[in-house]
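Just below is one structure, and these are the notes that go with it.
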DNA sequence: GATCCTCGAGTTCT
DNA sequence: CTCGAGGATC
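Residue numbers (the numbering used here): 52 to 730.
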């Protein structure tokens, strides 16, 4: 079948586009599109050329393994070519099963034959490097380049501490080429970008690009200041060293030579072994201190590897099995503006749903006007969305070359999108706010949700849906209205039968009994969160005491300064706020008089600050906090020099590490109980 | 005035 | 979880 003119021009178009991205990636170290998109273009071209071989041109990017070389680094010819590895298209378990099936077919194995033995390893997201040791000494380090010829980066690699300059062996082979990956750990990457930002320099998009940039840096002293890591996964040319029988033994031998090899490797039997490894690494992926693309499977026996050989330029005995992408391209369908409890306007991008990092993402916050401006996100733009270690999707960048004509930059509306009130910009700061106050339905709803929240009045079952119905139906306009609801009014709502109406009323009734701290928090005074509400409650002991306090009295409270004090005074100065409080009390909201027990109780933890991390064996987080606070201690969120004790449970994370480096005492739950008992 | 430590507030998806 | 900003401290 002859290729049509259409296909011919499409192939040409793809070649040009890929070449442009190659240049940006390899030469400028500034990729313009995410890898997945690049892979997609590359695959389309590959498929096109497979079906229509007459379209293949000698300069086609499919005809070489790597990318363009940088002219100013010396070229190195690889004695044994550095090949790329085939990527399985199915990123689910099917990928592993398909690979195993292919291997068995090629080896002529039937159903009765035993499972094939594999080695499964991590696929690092870094830069492929070949290290050449001659008589035990590091003689040359080179990048992959186009697979045949790479670049000499010996001075740079010498600065990487995990790369041994001499093999740890008495008798070293005349030639031993080790292949592996150089990458940057995530914590090192974060610190690097922090410094870049502070210095006003450009920040790196991801750890891989940072690593690539430094490996190919001309000035080795710059590379030396970057914490790069090396991990080996195979061999190149070998002279005078007898190869063992399996790939697993090769890796073990490298370890014995003092070469770093990831300990996250395993011998796996048959497809199930591969699927299990893939699943266990996928589960551990976010917890790893570095980025990986996926995993790699290799037939363990070197003899079988020789029998399987190569297909085109890829080894038939190995495959990369990638994870779902953590970065994807999608389109901005619109930019909506949400109104929060405090009236803050938050622009949110509505996205064409896209599967990234294991979930479908359709929204991403744009924080504020400045954030939108700095990225210059516009409706209709193609953007990169990331969902990395953290959970919250974010827009990373806009693909400038995909911008359509006639788009306009985003502007905050002058009127509140919900109530139409004027929008004001906070005292020379970043945030815009709706001036409508509680007359704005959005703010009213958020205030109600806050009031009913678990940490505030804790009214069970009063969620977003119900609040929407109550406010839109005109039944409720302020918290006190909740306590005036009756069964008939509720029953008039959709999807609200006898039973659920009774449940809601019971929950509201139950919530009337609360604590002073919860009540103060529930009011939603600006700058008064859970913590400050608790401090205010224990300092004044009663609501009347707080209501009577002036600015000076408030400043006596720990952690209350002029801004917070002014906010509190301002809130209580509003007649309608005082009236609302009186009405709530009249409706039956009450709390125990805190002053009575506070002094009677023993406070063995007075003056101590605790930080909780991990999961405790029997206590929930909330129970543990209650226990500590009841005994007179404080609980805070992050570890610092001021922290007295860190209470660590199962899966304790970075907070425990930090406690160790700061020399802060760490205890477990049983020890906490003993402290609370005062023993 | 600078720096560190916290807290408040907003956010996504299942 | 992360950003921004208030408060405390030196």
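Heads up, the beta-carbon is just placed ideally off N, CA and C, and yes, glycines get one too.
Residue 516: member of the alpha helix (DSSP H) spanning 515 to 523, first to last residue.
When DSSP reads this structure, residue 371 sits in a beta bridge with 138 and 347. Counting along the chain, residue 473 sits inside no beta strand (DSSP E), nor does DSSP assign it H or E at all. In the displayed model, residue 607 falls within coil according to three-state DSSP, outside both helix and strand. Burial is judged here by how many other beta carbons sit within 10 angstroms of a residue's own beta carbon; residue 661 has at least 16 and is buried. DSSP, reduced to helix, strand and coil, places residue 257 outside both helices and strands of the structure shown, so it counts as coil.
In the DSSP assignment, residue 174 falls within the unbroken beta strand (DSSP E) covering 168 to 175. As DSSP reads the structure, residue 484 sits in a beta bridge with 395 and 475. By the neighbour-count definition (other C-beta atoms within 10 Å, threshold 16), residue 610 is an exposed residue. DSSP places residue 463 in the coil class of the three-state scheme, outside both helix and strand.
The three-state reading of DSSP puts residue 317 in strand, counting E and B together. Per DSSP, reduced to three states, the secondary structure at residue 527 is coil, with no helix or strand assignment.
Every alpha helix (DSSP H) of 4 residues or more that sits fully in the region 566 to 638 is shown, in chain order, as 567 to 574, 581 to 591, 594 to 599, 602 to 606, 613 to 624 and 626 to 637.
Under a 10 Å Cβ-count criterion, residue 580 is classified as exposed, with fewer than 16 other Cβ atoms of the shown protein chains found around its own Cβ. Taking 7 Å as the cut-off, the Cβ atoms of residue 620 and residue 586 do not count as close. Proximity to residue 667 across 641, 534, 338 and 720 peaks at 720, based on C-alpha coordinates. The alpha carbon of residue 457 has as its nearest neighbour, out of 468, 430 and 472, the alpha carbon of 430. Following the DSSP letters along the chain, one finds residue 414 inside the beta strand (DSSP E) bounded by residues 410 to 416.
Here residue 141 is not near residue 344, since their CB atoms are 7 Å or more apart. Counting every other CB atom within 10 Å of its CB across the protein chains shown gives residue 187 a total of 16 or more, marking it as buried.
Residue nearest to residue 567 within the set 552, 602, 535 and 632 is 632 (criterion: CA-CA distance). Secondary structure note for residue 654: it is in no beta strand (DSSP E), with a DSSP letter that is neither H nor E. Assignment of beta-bridge partners to residue 280 by DSSP yields 234.
An exposed status is given to residue 242, since fewer than 16 other beta-carbon atoms sit within 10 Å of its beta-carbon. For residue 555, the enclosing alpha helix (DSSP H) stretches over residues 549 to 562.
Secondary structure of residue 186 (DSSP, three-state): coil.
With 16 or more other CB atoms across the displayed protein chains lying within 10 angstroms of its CB, residue 341 is buried. In the structure shown, residue 456 falls within a coil segment according to DSSP collapsed to helix, strand and coil. Rounded to the nearest whole angstrom, the C-alpha separation of residue 706 and residue 414 is 30 Å. The C-beta of residue 482 has 16 or more other C-beta atoms within 10 Å across all chains shown, which makes the residue buried. For residue 641, the pairing in a beta bridge is given by DSSP as 564. Within the same chain, Cβ atoms closer than 8 Å to the Cβ of residue 685 are found at 659, 660, 661 and 679, the five residues on either side in sequence being excluded. Looking at the backbone, the Cα of residue 435 and that of residue 670 are separated by about 41 Å. Residue 280 sits buried, since 16 or more C-beta atoms from the chains shown fall within 10 Å of its C-beta. Taking the C-beta atoms as reference points, residue 301 is found no nearer than 7 Å to residue 171.
In the DSSP secondary-structure assignment, residue 201 is bridged to 127.
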